[in-house]
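Under the UniProt record's numbering, think of the first position of the sequence shown as 1, with each following residue one higher.
No residue lacks a Cβ here, since even glycine has one placed at the ideal position from N, Cα and C.
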Amino acid sequence: MTLTCGLEQKIQILSVMYGYPAGQTCPFDEHPFICQSHNKEKVVSICNGLSTCDITVDSNAFENPCRNPVWKLATVHYKCLETVNAVFAMEGMAMTLKCNGNERIKVVSGTYSRLSSAPNNVDVTETISKRCNNQRSCTWEVRKSQIGKQSFKEQILAESQVTKRQTKSRNSRDTDYPDTDSPDTDSPDTVFPDTDSPDTGSNRHDCHLDNEKIVFQISKKEI
């Protein structure tokens, strides 16, 4: 299967279905069941942002939803976007989207994260769309309070505390381990830097977690 857009256009995947949609294959088929799977994320990772994209349609490339050996179909809905620009900003900084002439901003996607490959990304497309769509210029300050989510440092710290409590509970039930609240000289706890302490020379927008940075990414379509 090949997805194709114009030279100055980029693919955006809308939906992907793979399986056996009853009533849409051979009219004499005796299989009364329906088995379908959603594979959008996989195709998005392969095709989004390209002008043309080839997809291999088989059970190795897609999640096989059907137990019985039946013919399966792949249906991909996509659209072709004009040139998409990406804007990045660190947390606490202002970012500006700007179009030329009579062009207007149309937000395609927005992500609040440490890195594009990091877990716990937050989709903020709707938030930025309401503020910036159909304007020629738009400035927005990247702040956690506008996202309404925990920072990644807070998330991981909370998860770490839950894991410690669960581990302590299991140990107390299963065997007689030493008190986990006593000082541990072999496995020190992870220490997160105090974000309110004075800056000692590092970039004040850096997230000191895993030496990665909190990054806000937004794409705009000029129309």
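Taking the continuous alpha helix (DSSP H) assigned at GLU126, which residues delimit it? 125-132
GLY19 at chain C interface by Cβ criterion, 8 Å: Looking for chain C here will not work: only one protein chain is present.
Relative to the C-alpha of ASN39, which candidate in SER51, ASP54, CYS53, GLY19 has its C-alpha closest? GLY19
Nearest to ALA86 by alpha carbon, out of VAL16, SER109, ARG104? SER109
Rounded separation between MET1 and GLY92 - CA only: 44 Å
Between PHE62 and ASN102, what straight-line distance do the alpha-carbon atoms span, to the nearest angstrom? 43 Å
Out of CYS99, ALA74, MET95, which has the shortest C-alpha to C-alpha gap to ASN60? ALA74
Once you ignore the five residues that flank ARG136 on each side, which residues in its own chain have a CB closer than 6 Å to its CB? CYS99
Nearest-angstrom Cβ-Cβ length linking CYS53 and GLN9, presumed shorter than 8 Å: The pair is not a contact, with the Cβ atoms about 12 Å apart (cut-off 8 Å).
Give me the Cα-Cα distance between CYS5 and LEU14, rounded to the nearest whole angstrom. 14 Å
VAL142 versus TYR112, ASP123, GLU126, residue with shortest Cα-Cα distance: TYR112
Is it buried or exposed, VAL107, if we count other Cβ atoms within 10 angstroms and call 16 or more buried? buried
Same chain only: Cβ atoms within 7 Å of VAL44, ignoring 5 sequence neighbours per side: ILE13
Own chain partners of ILE55 with C-beta closer than 8 Å, once the 5 adjacent residues on each side are dropped: MET1, THR2, LEU3, VAL43, ILE46, CYS47, ALA61, ALA74, VAL76
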